[in-house]
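Engineer:
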Ligand SMILES: [Zn+2]
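Residue numbers (this note's numbering): 19 to 266.
1) How about residue 101: is its C-beta nearer than 9 Å to some C-beta of chain D?
2) Are the Cβ atoms of residue 263 and residue 21 separated by less than 9 Å?
3) What is the DSSP secondary structure of residue 54, counted as helix, strand or coil?
4) Is residue 174 near residue 163, with beta carbons less than 9 Å apart?
5) Is the Cβ-Cβ distance between residue 109 and residue 161 less than 9 Å?
6) Measuring only the C-alpha atoms, how far is residue 220 from residue 134?
7) Can you pull every residue whose C-beta falls closer than 5 Å to some heavy atom of ligand 1, listed in chain order?
8) Among residues of its own chain, excluding the 5 on either side of residue 155, which ones have a beta-carbon nearer than 7 Å to its beta-carbon?
9) Out of 137, 240, 205 and 166, point me to the one whose CA is closest to residue 188's CA.
10) Quick check: residue 119 and residue 83, are their CB atoms within less than 9 Å of each other?
11) Specify the secondary structure class of residue 59 as computed by DSSP and reduced to three states.
12) I think residue 68 touches residue 25, with their Cβ atoms under 8 Å apart; what is that distance to the nearest whole Å?
13) At the level of alpha carbons, what is the spacing between residue 217 and residue 45?
14) Taking the CB atoms as reference points, tell me whether residue 201 and residue 158 lie closer together than 9 Å.
15) CA-CA distance, residue 241 and residue 74?
16) Which residues in the same chain have their Cβ closer than 6 Å to the Cβ of residue 70, if we skip the five residues on either side of it in sequence?
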């Protein structure tokens, strides 16, 4: 199981892409986790979009979802034939349909590939190929379903946006690598995490590897220094870098 960082920025940063990850590996489906408006360009530049077996959207804020229209459009231009499932909460299907209809009216009816939707909810685990998915709602301004993937005894989880909740803490328990948003060191922003919150979460949920991203622009340099200075026995903290691949 591997995770490639496609982008690791907040909504309005530049040069590092919106927060987005590519889950892949031998015998595993390739799943893009989140697709903000800065992401298609990054996928196209390396041809990564052609590897996609599915897209998981944690939530519908633009920096996590508005790239879906150009992504699906280019698949049509390239005459993709394989189905493209979009996985997310029950509102994601109607959101993607509306976004497509706004962006390119009539395109949805003429896609060269089946556009499919898989609804997930905290109440049920979903299998997708060799991957098993479970999700939980974080503390965010809109419904955000953080997700955990498992396969062959390996696991990783992605927060999408949001501060930890009791439900996400249970979701992350003992996970191999946790990819979590981290917005600020100390100052609390509604619906986002502070470093102190994440440290407490990692302790309680017994998470040994944490990769943080989605830093507020104005706190980014401070966050990089604070994370680099962390020394916790038995736990590794790193800041995500665009293009890096993490083996799990
Ligand atoms: Zn958001």
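The C-beta atom is built at its ideal place from N, Cα and C for all residues, glycine as well. For clarity, every value in this text was computed on a predicted model and none was experimentally measured.
Structural biologist: Checking against the coordinates, here is how it stands:
1) Annotation note: the requested chain D is absent from the structure, which comprises a single protein chain.
2) As a first step, residue 263 must be located in the chain shown, where it is residue number 245. As a first step, residue 21 must be located in the chain shown, where it is residue number 3. In this structure, the beta-carbon distance from residue 263 to residue 21 falls below 9 Å.
3) Within the chain shown, residue 54 is the residue found at index 36, counting from 1. Taken through DSSP and simplified to helix, strand or coil, residue 54 comes out as coil.
4) Against the chain shown, residue 174 aligns to sequence position 156. Against the chain shown, residue 163 aligns to sequence position 145. No, they are not a contact pair.
5) As a first step, residue 109 is located in the chain shown; it is residue number 91 there, counting from the start. As a first step, residue 161 is located in the chain shown; it is residue number 143 there, counting from the start. It is a contact, given that the beta carbons lie within the stated cut-off.
6) Within the chain shown, numbered from 1, the residue matching residue 220 stands at position 202. Within the chain shown, numbered from 1, the residue matching residue 134 stands at position 116. The C-alpha of residue 134 is placed about 35 Å away from the C-alpha of residue 220.
7) Here the residues come out as 79 and 179.
8) For the purposes of this step, residue 155 is taken as the residue at position 137 of the chain shown. Correct list, in chain order: 140, 161, 162, 163, 183 and 185.
9) Residue numbering aside, residue 188 sits at position 170 when the chain shown is read from its first letter. Of all alpha-carbon atoms in 137, 240, 205 and 166, the one lying nearest the alpha-carbon of residue 188 is that of 166.
10) Locating residue 119 in the chain shown gives position 101, where the first residue counts as 1. Locating residue 83 in the chain shown gives position 65, where the first residue counts as 1. Not in contact: residue 119 and residue 83 (Cβ atoms no closer than 9 Å).
11) On the chain shown, position 41 is the one that residue 59 refers to. Collapsing the DSSP output to three states places residue 59 in a helix.
12) Taking the chain shown and counting its residues from 1, one reaches residue 68 at position 50. Taking the chain shown and counting its residues from 1, one reaches residue 25 at position 7. Not confirmed; about 18 Å, so no contact.
13) Here residue 217 refers to the residue found at position 199 when the chain shown is read from its first residue. Here residue 45 refers to the residue found at position 27 when the chain shown is read from its first residue. Those two C-alpha atoms are separated by around 33 Å.
14) Start at 1 with the first residue of the chain shown, and residue 201 comes out as number 183. Start at 1 with the first residue of the chain shown, and residue 158 comes out as number 140. No, these two residues do not count as a Cβ contact at 9 Å.
15) What you label residue 241 is simply residue 223 of the chain shown in a count that begins at 1. What you label residue 74 is simply residue 56 of the chain shown in a count that begins at 1. Each residue's Cα considered, the two are about 27 Å apart.
16) As a position in the chain shown, residue 70 is number 52, starting the count at 1. Here the set comprises 48 and 50.
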